[in-house]
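In the numbering used here, the protein residues as written are 9 to 430. Backbone N, C-alpha and C fix where the C-beta goes; we use that ideal spot for every residue, glycine too. Everything numeric in this text was worked out from a predicted model, so none of it was measured.
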């Protein structure tokens, strides 16, 4: 099911703001047709998409813009077909490994020239790695959200703890919570993917973003001693009783009551956990956030920040207009507008944008824009092929329950790597 919207180009209140953006290529005269395919089918994202089309159309009245909105799940099955047979000029997708099949098939345009613009290269620096394959950039991001440690501020204060800045203080805080009769972290691993968040952070903090990207790209053996070092750090937490018992019985939502009732002091999760934690009774005086601390001082801090993107199909008919639209999308003012709480309610990718007056969005924006020089990962099941992600996350879950099985688990992952990445 899809519908087609012909942009009306009526003036909107916000258009004057966006039209003044340094990135919105307002001086270029664009004409012809601009066809955009989008998977932003839920009501709020769809309204955001339609608003962007109208504002861009007002800036370029000689341009005829046709927006086709496709149901998100249907879009996933249709994208290869329409990129191959009858491509639009702009298409939504996702960053990192999720765009790899279309880059390798020659279906996405190399837009590295746009990333040479200082306004983009400087303001979008934190997301460049997620848009880069083979040293080239293949799209632009339009929204993302942070991962990190959400913790009970009142419990930290009760125990005299401060936000940890390194591995030693992270473990010391955990030991203090264990000694007080609590668990350090709640986690629900029934659906396995929450364990991947732990692997991502422990591996990026132990070995760095580049190593993590090479591992998820199948370039490094799972039996490599550097991977073993990641699991050794993870085992330190497991052996000290950091995680709630029987976590394989809980989904991530079912694990939240442990932090709400104070049985656990923290959770490693994306910003999507904030709303249900607030709904569970944790106001901002009790709930706080900190960046996952450094483990290896020799590697820069990288973060998980799943990123949604726009791309230009390689066989697009109007690439000049498509490039101008992508520049408009990432402009500071447009990013401020589309990511505010009345729209997407997430983080702008442009470091010069303003962020909604929400405590956790503010902290996440500061972290991703200024305090994450190591890059932005997309989360394990986006960075690795689907089959590899499934096998690996099964292994992560098993390791958390039976850490003595590590050699057998890594052997299984290495065998899968040899099969999947051929």
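Let me see if you follow: with CB-CB separation under 8 Å, is residue 279 close to chain D or not?
The question asks about chain D, but that chain is absent: this structure has only one protein chain.
Considering only residues of the same chain and omitting the five flanking positions on each side of residue 413, which have a CB-CB separation below 8 Å?
406 and 407
Among all the DSSP beta bridges, which residues are the ones paired with residue 72?
41
Counting pairs of beta carbons, one from the stretch 156-171 and one from the stretch 296-303, are three or more of them closer than 8 Å?
yes
How big is the Cα-Cα spacing for residue 74 and residue 89?
19 Å
Have a look at residue 178 and residue 346 and give me their C-alpha separation to the nearest angstrom.
36 Å
Limits of the alpha helix (DSSP H) - the one that residue 127 falls within
126-131
Distance, Cα to Cα, residue 95 vs residue 324?
6 Å
Would you please state the rounded distance, in angstroms, between the beta carbons of residue 147 and residue 101? I believe it to be under 8 Å.
7 Å
Counting pairs of beta carbons, one from the stretch 181-193 and one from the stretch 264-272, are three or more of them closer than 8 Å?
yes
CA-CA distance, residue 92 and residue 424?
30 Å
Restricting to Cα atoms, I'd like to know which of 156, 53 and 85 is closest to residue 277.
156
Taking the alpha carbon of residue 214 as the reference point, which residue from 97, 242 and 197 has its own alpha carbon closest?
242
Own chain, CB closer than 6 Å to residue 83, minus 5 neighbours either side, in chain order
47
Measuring straight from C-alpha to C-alpha, what distance separates residue 266 and residue 279?
18 Å
Output needed for residue 87: all residues of its chain with C-beta closer than 6 Å, excluding positions within five of it in sequence on either side, in chain order.
none
If we ignore side chains and look at the alpha-carbon of each, how far apart do residue 233 and residue 240 end up?
10 Å
Going straight from the alpha carbon of residue 369 to that of residue 153, what length do you get?
8 Å
DSSP-derived helix/strand/coil call for residue 410
coil
Would you be able to state if there are at least three C-beta pairs under 8 Å between the stretch 196-214 and the stretch 381-388?
yes
With distance defined between alpha-carbon atoms, name the residue in 212, 297 and 343 nearest to residue 317.
343
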